[in-house]
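Visitor: Take the sequence shown: its position 164, counted from the start at 1, is 169 in this note's numbering, and no numbers get skipped.
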Amino acid sequence: MKLAGKLLLICLAVVGTAMSSKAEVNYEMTVAKDGSGDFTSIQAAINATKAFPDKPIVIHIKKGIYIEKVCVYSWNNKLTLKGEDVNETIITYDDHFEKLNLGRNSTFHTYTVKVEANDFAAENLTIMNSSGPVGQAVALHVEGDRCQFRNCRILGHQDTLYAAGEGSRQYYKDCFIEGTTDFIFGEAIAVFDSCTINSKSDSYVTAASTSENQPFGYVFLNCTLTADEGVASCYLGRPWRAYAKVVYLNCALGDHILAQGWSNWSGTERDQTAFYAEFESTGAGANAEERVSWSHQLSAKEAKEYTLENIFKVENRVKSGSDNWNPAGE
């Protein structure tokens with residue numbers, strides 16, 4: 006064979022190998038601080054995943070403290086971050102409003118983990134903003150649709166969890182979420198199922214900003230509301246925007262929950278459009294007869310509307326269509 010022909014064959018072989026390498030998709034990978042996995046950084050693993058994959062991708066994260074700011078971009082859909090142990094697999098960062106100093110919207114840049122992608126899941130992880138009680142400091146910021154968090158700890162102080170995205174549907178199961186002021190806030194349709202919600206100071210648990218055309222906002226099912234020692238005066242929520250919607254069903258409320266239950270946002274008339282309700286609350290903080298007059302106690306018939314299937318109906322969102330998403334498989 007002539008030299009030119011041999012060179013052509015070699016070039017074709019090299020190109021073919023490169024194309025084959027590029028076509029390879031890893032649907033499972035491991036992150037480990039000690040170098041025993043595929044990556045030592047969570048963000049590096051995310052950056053290596055295929056954009057818009059044809060099937061789910063799982064990133065296993067071994068025990069360790071990962072000090073990094075993590076973003077799951079919109080093209081990283083169908084991704085699961087799965088920790089080895091909820092108490093020992095920790096993602097943490099310390100950004101806060103004053104530290105970033107990016108103007109009036111600095112809060113939204115303070116996240117430790119941000120999820121822009123649809124069909125995201127996290128399991129057995131601690132997601133923490135470690136900046137302390139220094140003002141607005143988000144631990145977890147979620148905008149994607151059909152996002153799930155199972156057996157996770159979400160830790161911070163003010164503005165711990167930004168459950169965001171108009172029409173975004175989010176499901177939190179068996180999670181521990183704690184903070185001080187408005188530590189669960191935003192516009193998403195979010196269900197907190199069998200979670201522990203812990204207040205670290207006298208303040209407000211939720212600050213929903215539900216869209217006017219969404220029939221559901223934040224729904225707490227079978228949750229337990231606790232507080233740090235010395236915390237004695239907390240509200241179930243206050244409306245960050247008009248039309249805020251928050252409902253607690255079959256929840257155990259500690260004695261730190263004030264008898265009036267709910268508060269309006271000072272200087273506004275948002276109580277006139279907010280929908281704040283409870284059904285069969287129990288515990289020392291359950292005082293149905295003393296709640297503010299503009300809140301509601303649901304009837305058994307009304308409470309039956311709060312199934313996952315109904316809450317997460319896609320027609321309850323701004324967009325049209327149907328996908329029958331039900332993260333609990335009911």
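Each residue gets a CB set at the ideal place from its N, CA and C atoms; glycine is no exception.
With DSSP run on the structure shown, which of helix, strand or coil describes S298?
Guide: Counted from its first residue, the sequence shown places residue 298 at position 293. In the structure shown, S298 sits in coil (DSSP, three-state: anything other than H, G, I, E or B).
Visitor: Pull up the DSSP beta-bridge partners for G69, would you.
Guide: Taking the first residue of the sequence shown as 1, we reach residue 69 at position 64. According to DSSP, which records beta bridges pairwise, G69 is partnered with T94.
Visitor: Can you check which of these residues, A193, H162 and F57, is closest to Y176 by C-alpha distance?
Guide: For the purposes of this step, residue 176 is taken as the residue at position 171 of the sequence shown. Considering only alpha carbons, the answer is A193.
Visitor: When you compare the CB positions of T117 and K67, do they come within less than 8 Å of one another, or not?
Guide: Working through the sequence shown from its first residue, we reach residue 117 at position 112. Working through the sequence shown from its first residue, we reach residue 67 at position 62. Cβ atoms of T117 and K67: not closer than 8 Å.
Visitor: Counting only C-beta atoms, is P61 closer than 8 Å to chain B at any point?
Guide: The structure shown contains no chain B, having only a single protein chain.
Visitor: Based on DSSP bridge pairs, tell me the residues matched to R155.
Guide: Within the sequence shown, numbered from 1, the residue matching residue 155 stands at position 150. Answer is E128 and K178.
Visitor: Report the rounded CA-to-CA distance for H261 versus L145, giving the unit in angstroms.
Guide: If you number the sequence shown from 1, residue 261 lands on position 256. If you number the sequence shown from 1, residue 145 lands on position 140. About 25 Å.
Visitor: Distance, Cα to Cα, D124 vs A169?
Guide: As a first step, residue 124 is located in the sequence shown; it is residue number 119 there, counting from the start. As a first step, residue 169 is located in the sequence shown; it is residue number 164 there, counting from the start. Cα to Cα, D124 sits roughly 15 Å from A169.
Visitor: With DSSP run on the structure shown, which of helix, strand or coil describes S204?
Guide: Position 199 of the sequence shown, counted from the first residue, corresponds to residue 204. If DSSP states are grouped into helix, strand and coil, S204 belongs with the strands.
Visitor: Thinking C-alpha only, which one of D99, V252 and S199 is nearest T215?
Guide: Mapped onto the sequence shown, residue 215 falls at position 210. Out of D99, V252 and S199, V252 has the C-alpha closest to the C-alpha of T215.
Visitor: At 3 residues or longer, and completely inside the region 222 to 279: list those beta strand (DSSP E) runs for me, N to C.
Guide: Taking only runs of at least 3 residues, the beta strand (DSSP E) segments lying wholly in the region 222 to 279 are 223 to 226, 229 to 232, 240 to 242 and 250 to 254.
Visitor: Could you please give the first and the last residue of the uninterrupted alpha helix (DSSP H) stretch that includes L313?
Guide: The residue given as residue 313 occupies position 308 in the sequence shown. Run containing L313: L313 to I316, per the alpha helix (DSSP H) assignment.
Visitor: Is Y98 buried or exposed, if buried means 16 or more other CB atoms sit within 10 Å of its CB?
Guide: Position 93 of the sequence shown holds residue 98. Classification for Y98: buried.
Visitor: Take S46 and list the residues in its own chain whose beta-carbon comes closer than 8 Å to its own, dropping the five residues that flank it on each side.
Guide: By 1-based counting over the sequence shown, the position of residue 46 is 41. Cβ within range, chain order: V36, Y71 and E73.
Visitor: Just how far apart, CA to CA, sit E89 and W267?
Guide: As a working note, residue 89 is residue 84 in the sequence shown. As a working note, residue 267 is residue 262 in the sequence shown. Straight-line Cα distance between these residues: approximately 38 Å.
Visitor: Taking T165 and N203 to be in contact with their CB atoms under 8 Å, please state how far apart those CB atoms are, rounded to whole angstroms.
Guide: Walking along the sequence shown from the start, residue 165 turns up at place 160. Walking along the sequence shown from the start, residue 203 turns up at place 198. Their Cβ separation, rounded to whole angstroms, is 10 Å, which puts T165 and N203 out of contact at 8 Å.
Visitor: Within the same chain, show all residues whose beta-carbon is closer than 6 Å to that of A126, passing over the 5 residues directly before and after it, in chain order.
Guide: For the purposes of this step, residue 126 is taken as the residue at position 121 of the sequence shown. T85 and Q153.
Visitor: Rounding to the nearest angstrom, what Cα-Cα distance links V323 and E171 in this structure?
Guide: In the sequence shown, the residue the question calls residue 323 occupies position 318. In the sequence shown, the residue the question calls residue 171 occupies position 166. Its pLDDT being 49, under 50, V323 is placed unreliably in this model, and the coordinates cannot settle the point.
Visitor: Can you tell me whether G334 is buried or exposed? The criterion is at least 16 other CB atoms within 10 Å of its CB, across all chains shown.
Guide: Your numbering for residue 334 matches position 329 in the sequence shown. Classification for G334: exposed.
Visitor: Helix, strand or coil: how does DSSP classify Q219 here?
Guide: The residue labelled residue 219 in the question sits at position 214 within the sequence shown. If DSSP states are grouped into helix, strand and coil, Q219 belongs with coil.
Visitor: Out of curiosity, what's the CA-to-CA distance linking F225 and I159?
Guide: Position 220 of the sequence shown, counted from the first residue, corresponds to residue 225. Position 154 of the sequence shown, counted from the first residue, corresponds to residue 159. Straight-line Cα distance between these residues: approximately 16 Å.
Visitor: Of all the options A249, G222, R246 and C200, which has the alpha carbon lying nearest to the alpha carbon of A257?
Guide: Counting from one through the sequence shown, the residue named residue 257 turns up at place 252. Nearest of A249, G222, R246 and C200 to A257, Cα basis: C200.
Visitor: Note down the Cα distance separating Y32 from A282, rounded to an integer number of angstroms.
Guide: Numbered from 1 along the sequence shown, position 27 holds the residue referred to as residue 32. Numbered from 1 along the sequence shown, position 277 holds the residue referred to as residue 282. Whole-angstrom Cα-Cα distance: 43 Å.
Visitor: Apart from the five residues just before and just after F280, which ones in its own chain have a Cβ nearer than 6 Å to its Cβ?
Guide: Within the sequence shown, the letter at position 275 stands for residue 280. Here the set comprises K250.
Visitor: Closest to E234 by CA distance: which of N227, D207, A247 and N255 is it?
Guide: Position 229 of the sequence shown holds residue 234. E234 has its Cα closest to that of D207, out of N227, D207, A247 and N255.
Visitor: What are the residues that DSSP puts in a beta bridge with D43?
Guide: Locating residue 43 in the sequence shown gives position 38, counting from the first residue. In DSSP, D43 forms no bridge with anything.
Visitor: Per DSSP, V75 is paired with what?
Guide: What you label residue 75 is simply residue 70 of the sequence shown in a count that begins at 1. Answer is V118.
Visitor: The beta strand (DSSP E) with K87 in it runs from where to where?
Guide: Sequence index remark: in the sequence shown, residue 87 carries index 82 (1-based). Start and end: L84 to G88.
Visitor: Terminal residues of the continuous alpha helix (DSSP H) containing L105?
Guide: In the sequence shown, the residue the question calls residue 105 occupies position 100. Run containing L105: F102 to L105, per the alpha helix (DSSP H) assignment.
Visitor: Since F190 sits in a beta bridge, which residues does DSSP pair it with?
Guide: Translated into positions along the sequence shown, residue 190 becomes position 185. Y167 and A212, per the DSSP bridge assignment.
Visitor: To the nearest angstrom, how far is it from the Cα of S26 to the Cα of F57?
Guide: The residue you call residue 26 lines up with position 21 of the sequence shown. The residue you call residue 57 lines up with position 52 of the sequence shown. The pLDDT assigned to S26 is 45, lower than 50, so where the model puts this residue is not dependable, and the model offers no usable value.
Visitor: Please report the straight-line C-alpha distance between G259 and T231, rounded to a whole angstrom.
Guide: Position 254 of the sequence shown, counting from 1, holds the residue named residue 259. Position 226 of the sequence shown, counting from 1, holds the residue named residue 231. Their backbone Cα atoms lie some 6 Å apart in a straight line.
Visitor: Which residue or residues does DSSP assign as beta-bridge partners of L145?
Guide: Residue numbering aside, residue 145 sits at position 140 when the sequence shown is read from its first letter. The partner list for L145 (beta bridge, DSSP) reads V118 and L166.
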